[in-house]
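With mature numbering (1 follows the signal peptide of the UniProt record, and there is no 0) applied, the sequence shown corresponds to residues -21 to -1, 1 to 249, in that order.
By construction, the Cβ of each residue, glycine as well, lies at the ideal position given by its N, Cα and C atoms.
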Amino acid sequence: MNTPFRLASLALCSLLTACQAVNTTSGGAVGVERKQYMFSALSTQEVNQMYAKSYQQTLGEASSKGVLDKTSNNAKRLRTIANRLIKQAPLFRPDSAQWQWEVNLIKSPELNANCGPGGKIIFYSGIIEKLQLSDDEIAAIMGHEMAHALREHSREAMSKAYGIELTKQGAGALLGLGSDSMALADAAVQYGMTLPNSRGNENEADLIGLELAARGGYNPNAAVSLWQKMARASEGAPPEFMSTHPSSSSRIAALQAAIPKVMPLYEQAR
């Protein structure tokens, strides 16, 4: 986030006493420590409920089309990996033990996967099949996506969107309860749920995801081979996953630098 925007957003937060500085997770062995600014009027529970509704709609549509996969070998692999990683999530965030975690597989050629607020995980079969992912590489993706949910990056993005809109419209937009306020909320939700994460957020998810996978007994080196596969896959028409998770040599280098921090956790968990 550039400095003028940050200053404007934080100034509005302070003025309206509607923004809280929080750290949603513990730092872990990888040391993710960053204060996040969240609008207090937009609670974790509300964001989780909003996404849960969207998630169920997605599953319903997939089921009606006959592409919701509950029985294949890949679906079973996902459930096994998810169970092991979900057990590690409370080490970063104790309240995640009460989340209603879910993992589902949709038959689709898309190279995509995500974990939304509240622990709602979706994988598309294309990413597993086309990249021929090992269990360790699936764990690298899943851990990364779970980290976005644990760090509440969507809620953080919504809070920033409120700041953007308030900067444009003035403080009265937040205090009013009419259609302008509803439009502001809609814009924030759209921003937080659909736009790519910042590079900083991606780095946080890489690091926490690396540790989640290692603690779950999955080889952290697979994160490097995963992103190498992603880089090769993006040489043609970039897959959907790469629109929100761009690969780069710096990303791989950062993962390689962090692996020694989590390798003892992997060795212990094996």
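Here the segment 110 to 117 makes no contact with the segment 70 to 80; the two share fewer than three CB pairs at distances below 8 Å. Under the three-state reduction of DSSP, residue 92 is assigned to strand. In the three-state scheme derived from DSSP, where H, G and I count as helix and E and B as strand, residue 20 is classed as coil. For residue 106, the CB contacts under 8 Å within the same chain, skipping 5 residues up- and downstream, are 89, 90, 91, 92, 112, 120, 218, 220 in chain order. Counting the other Cβ atoms within 10 Å of the Cβ of residue 43 gives fewer than 16, which makes it exposed.
Counting C-beta pairs closer than 8 Å gives fewer than three between the segment 8 to 24 and the segment 35 to 53, which falls short of the contact rule.
Remark: C-beta atoms of residue 245 and residue 188 do not approach each other more closely than 8 Å.
Across the set 60, 179, 210, the C-alpha of 60 shows the shortest separation from the C-alpha of residue 81. Pairing residue 94 with residue 118, the inter-Cα distance amounts to about 13 Å. The continuous beta strand (DSSP E) containing residue 84 extends over residues 81 to 85. Between residue 97 and residue 192, the gap from beta carbon to beta carbon reaches 8 Å or more.
Bounds of the alpha helix (DSSP H) holding residue 245 are 228 to 248. In this structure, residue 181 lies away from residue 11, with their beta-carbon atoms at least 8 Å apart. When beta bridges are read from the DSSP output, residue 48 appears opposite 84.
Under the DSSP assignment, residue 128 falls in the alpha helix (DSSP H) whose first and last residues are 114 to 129. Annotation for residue 99: the continuous beta strand (DSSP E) segment containing it runs 99 to 103. Distance between residue 70 and residue 194, taken at the CA atoms: about 10 Å.
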